[in-house]
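Report on one structure; see the data block that follows.
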Amino acid sequence: MGKWRNGCAVLLATVVGLAGLAVPAARATGAAPDAVVDARVLAVRTGDVHVIVQKWIAGDPRPEAAIEHLGGTVTNDLPIVDGFAATVPASDTGQLASVPGVRAVTLDETLKPQGLLSGSTSKPAPPKSAYIKEIGADSEWAAGVTGKGVTVALVDTGIANVPDLAGRVLPVQNDLNLLNPTSPCENLTGESTCDDNYGHGTFIAGLIAGNGAASNGAWSGVAPNANLVSVKVAGADGSADVSTVLAGIQWVVSFKDRYGIKVMNLSLGTDSTQSYTVDPLNYAVEKAWDAGITVVVAASNRGPDPATISKPGDDPLVVTVGAVDDMGTPAIADDELPDFTSRGPTAADGLAKPDVVAPGGHVVSLRAPGSAVDTQFPTYVDGSYRKGSGTSMATGIVSGAVALMIQANPNLTPDRIKYALTSTARPVASSDPMAVGAGLIDSYGALRAPAGLANQGIVRSNGLGSLDLSRGSAQVALNDPAQTVVGGLQTAQLLLWNPLVYTTTVWSPLTWNLTDFAGSRWYGSRWYDQPDQMTGSRWYGSRWYGELDGSRWYGSRWYGSRWYGGWD
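As numbered in the numbering used here, the sequence shown has no gaps in its residue numbers, which increase by one up to the final residue, 1434.
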C-alpha cells in the first residue's frame, strides 16, 4: 500500500490522526480493545500533557469521567472527531490505554510547516497543482476545449458564491413559486438559502469548473468554462437521507434538457450492502445514465480493506472513481495509492470496482468561507483556496474531464464515455484492479480512443428493494428528540416511500412538480446509530475516513449519504 509523504503546510491537531502511535501489547481476552496511544504522549515525563482523545462511541461519557478521575481536565469538546481535548498529568498517561471507551489518544499540537529549516524566515513553497497535467487536461485546453457549453449537475452541499465560479452556476427556475421565480440552486434541505454551509460542494465545484479567478489562474479546475447546476441535498451539518438524494437525482433527470445537463457528480455514498439489482439508489443513477447523463460516483474513503465500495458506486453502469496521490508532479511514475481509497469487489454482488482512478490526494480547490469545514479546518492556500484529499476530490476531477470530452464531441453517450475512459487509462500506483480499476484517466487520450461501448449486457436495477437497507448502517430520526426513529419505508420528508411510483413514473418537469418531493414540506433529519442516542445536539453516524501522512485519521462522523473528502 502506498504511504503519504510529508506535504501539508500547517495541520490542526484535531486532524493529526494516528501517526507515530504505539499500540499496547497486552490485551485481555474477550475485553474491549486497548486504546491506541501516541508514543509522544507517553514520552512526556513532567507537567501536564495536552491530548486529543477519540472515543469508540461518540456519546459515551466514560472517557471524560475517567480523565477527570486521573486529575485531568477536559478543555474542549470535539464532536468533529468524536472526542475531546484535555490536559492530563504526565504521571498518569500510562493509564490512558485502558480507559473504557477510548479508541485513540494523540498529542494535541500544531505541526510546523514541512521543509523549513530551524530559524528560517523564508515561506514554504506553495503546493503544486499537478492533476491538470497528469490527466492531460492542459492538452485539451491548448486545443480550445475547456468545457464551454456543458453543464455538470453537482448533487452535494451547495455551492458558495465565489469569483472562480461567477456566472457559471446556472440559476434554477422555480416553477411552483411565482414570487421567487429563480434561485441559485435546487434546494432540498429545508435551509433557507442555497449557500454551502458545510463546505464540501464548493470544493468539488472548484475541481470541476473553477477558473482560477481569485488566483490569476493558478488554481483552476479541469473544465474552467463549464457550467454547473447546484442540487443542494445537505445543509450545514452534512446530513442527507437517501430519500433526499433520490429526489435530487430525479430532479436532475427531469430538468436535464432545460439546463443542458450532461454529467452528474455524486461525491457521496452509503455503506449499504443491498444488491444493486433491487436498490432504489442504484435504480436512480441507472435512470440518469439511461437519460444520457454520465454519472460519476466516488468509490468511498473506507479503504484499504476489500469490498468497501460505497453505494451507488457499486452500480455496474456508473463511472466509479478511486483516488491516487500525484505527489505534486505531473509524472505518474511517482504516484502512490492512499490507504483511504476503497477497494473492490462490491460487497453484495462481487463486481469489479472502481472503474478508474484520478488524483485525490492534497489537491487544491475552493473554500466556502464561513462554512463548517472552513471554520473547523482553517488551513488555507492563497486566501480563497484550501487543500483536501479523498475520492470525492478524484470524482470531481473525472467529472471535469468528462465535460471536456463532451464539449469536444457532443454526440458521446455515457456508454461511449465510460469505454473511452477505461480503455485509455494508464497503469498507476498498483497492479491490483480492485484498487485502481483500469488505471489513471487520460482525458486527452480518451478523446482519441477508438469507438466502443461499455456496459453491454448488464442486468438493471428494478429499484423495488428496501429504502432502509439502502441507508446502510445509519437510521434517520426527526429533529425533535422526543420523536421515535423513522425507518423502513418512511422518507426524511416524513412521507411513505412508494417504490412503485418512483420506478414507474416518467421523470419530467411536469411529473416532478406533481411529486411529493416537490410539493411537500422538507424536514431536516438527523442520523443516529442507535435510537437511544436521540438526546443532546451531537450527530452520530458512520465514519468519514481520510488519510494523512501515512496514517488513517478519523474525521467528522456524518451519516446517511457520506461525503468522501477530508481536509488537509
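We put the CB at the ideal spot given by N, CA and C, even for glycine.
Check this for me: beta carbons of residue i and residue j, under 8 Å apart or not?
{"i": "Val1163", "j": "Gly1188", "result": "no"}
{"i": "Val1223", "j": "Val1302", "result": "yes"}
{"i": "Ala1113", "j": "Tyr1064", "result": "no"}
{"i": "Tyr1285", "j": "Leu1319", "result": "yes"}
{"i": "Gly1072", "j": "Trp1429", "result": "no"}
{"i": "Ile933", "j": "Val1021", "result": "no"}
{"i": "Gly1087", "j": "Gly1266", "result": "yes"}
{"i": "Ser1237", "j": "Lys1177", "result": "no"}
{"i": "Glu1052", "j": "Val1035", "result": "no"}
{"i": "Asn1027", "j": "Ile1074", "result": "no"}
{"i": "Ala1165", "j": "Thr1136", "result": "no"}
{"i": "Pro929", "j": "Gly960", "result": "no"}
{"i": "Ile1283", "j": "Thr1160", "result": "yes"}
{"i": "Gly1024", "j": "Gly1067", "result": "yes"}
{"i": "Val917", "j": "Val902", "result": "no"}
{"i": "Ala1089", "j": "Thr1012", "result": "yes"}
{"i": "Pro1375", "j": "Asp1156", "result": "no"}
{"i": "Ala951", "j": "Leu944", "result": "yes"}
{"i": "Thr1436", "j": "Val1325", "result": "The shown model of the chain, from 867 to 1434, leaves out residue 1436, and the question about it has no answer."}
{"i": "Lys999", "j": "Pro1170", "result": "no"}
{"i": "Ser1120", "j": "Thr1377", "result": "yes"}
{"i": "Pro1146", "j": "Gly1331", "result": "yes"}
{"i": "Asp904", "j": "Ala956", "result": "no"}
Can you tell which of the options has its C-alpha closest to the C-alpha of residue i?
{"i": "Thr1212", "options": "Pro1220, Phe1206, Asp1205", "result": "Pro1220"}
{"i": "Val954", "options": "Cys1051, Asp974, Ala1224, Lys1098", "result": "Asp974"}
{"i": "Tyr1368", "options": "Tyr1149, Thr1136, Ala970, Leu1054", "result": "Tyr1149"}
{"i": "Ser1231", "options": "Ser1081, Gly1126, Pro1299, Ser1309", "result": "Ser1081"}
{"i": "Ser1141", "options": "Ala909, Asn1328, Ala1032, Asp1123", "result": "Asn1328"}
{"i": "Val965", "options": "Arg1252, Asp900, Gly1226, Trp1117", "result": "Asp900"}
{"i": "Gly1254", "options": "Asn1167, Asp948, Cys1051", "result": "Asn1167"}
{"i": "Gly1078", "options": "Arg1252, Asp1171, Leu1054, Thr1370", "result": "Arg1252"}
{"i": "Val1190", "options": "Leu1183, Val1229, Ala1154, Leu908", "result": "Val1229"}
{"i": "Val1151", "options": "Gly925, Ala909, Val1118", "result": "Val1118"}
{"i": "Ala1214", "options": "Leu1278, Gly960, Leu1335, Ser1109", "result": "Leu1335"}
{"i": "Pro1280", "options": "Leu1183, Ala970, Thr1370", "result": "Leu1183"}
{"i": "Leu1306", "options": "Val919, Tyr997, Tyr1125", "result": "Tyr997"}
{"i": "Leu1287", "options": "Ala970, Ile1001, Thr1381, Leu936", "result": "Ile1001"}
{"i": "Gly949", "options": "Val971, Asp1248, Ser1058, Pro1029", "result": "Val971"}
{"i": "Trp922", "options": "Val1129, Ala963, Arg969", "result": "Arg969"}
{"i": "Leu1360", "options": "Leu936, Thr1377, Asp1382", "result": "Asp1382"}
Per DSSP, what kind of secondary structure is residue i in: helix, strand or coil?
{"i": "Trp1363", "result": "coil"}
{"i": "Met1193", "result": "coil"}
{"i": "Asp926", "result": "coil"}
{"i": "Ile1283", "result": "helix"}
{"i": "Asn1275", "result": "coil"}
{"i": "Pro1146", "result": "helix"}
{"i": "Arg906", "result": "helix"}
{"i": "Gly960", "result": "helix"}
{"i": "Thr1401", "result": "Unreliable placement is indicated for Thr1401, whose pLDDT of 24 sits below 50; the coordinate value is still reported in the next sentence. It is coil, neither helix nor strand."}
{"i": "Val940", "result": "strand"}
{"i": "Ile1324", "result": "coil"}
{"i": "Pro1225", "result": "strand"}
{"i": "Trp1429", "result": "strand"}
{"i": "Thr1207", "result": "coil"}
{"i": "Pro955", "result": "strand"}
{"i": "Ile1175", "result": "coil"}
{"i": "Asn1379", "result": "helix"}
{"i": "Thr1369", "result": "helix"}
{"i": "Ala892", "result": "Confidence is the limiting factor: at Ala892 the pLDDT is only 31, short of 50, which leaves the residue's position unreliable, though a coordinate-based value still follows. Note: Ala892 maps to coil in three-state DSSP."}
{"i": "Asp1334", "result": "helix"}
{"i": "Ala970", "result": "strand"}
{"i": "Ser1374", "result": "coil"}
{"i": "Ala931", "result": "helix"}
{"i": "Val1161", "result": "strand"}
{"i": "Lys1153", "result": "helix"}
Does the Cβ of residue i lie closer than 7 Å to at least one heavy atom of the ligand ADP?
{"i": "Leu1147", "result": "The ligand ADP is absent from the structure shown, which contains no ligand whatsoever."}
Is there at least one Cβ from chain D nearer than 8 Å to residue i's Cβ?
{"i": "Asn1027", "result": "Absent from the structure is chain D; it holds one protein chain and no more."}
In chain order, what are the residue ranges of uninterrupted alpha helix (DSSP H) at least 4 long that sit wholly in the stretch 989-1077? 997-1000, 1003-1008, 1066-1075
If we count Cβ pairs, one from each stretch, closer than 8 Å, do we get three or more for the stretch 997-1009 versus the stretch 1299-1313? yes
At a cut of 8 Å, does the stretch 1015-1027 reach the stretch 1038-1048 through at least three beta carbon pairs? no
Per the contact definition of three or more C-beta pairs closer than 8 Å, is the stretch 1267-1278 in contact with the stretch 1105-1125? no
Across the stretch 1290-1299 and the stretch 1251-1271, are there enough close Cβ pairs to call them in contact, namely three or more that are closer than 8 Å? no
Note down, one range per segment and in chain order, each beta strand (DSSP E) of at least 3 residues found wholly within the stretch 1234-1318. 1251-1255
Can you confirm whether the stretch 1197-1216 touches the stretch 1236-1247 when touching is taken to mean that 3 or more C-beta pairs between the two stretches lie within less than 8 Å? no
Of all the alpha helix (DSSP H) runs that stay within the bounds of the stretch 1079-1116, which reach a length of 4 or more residues? none
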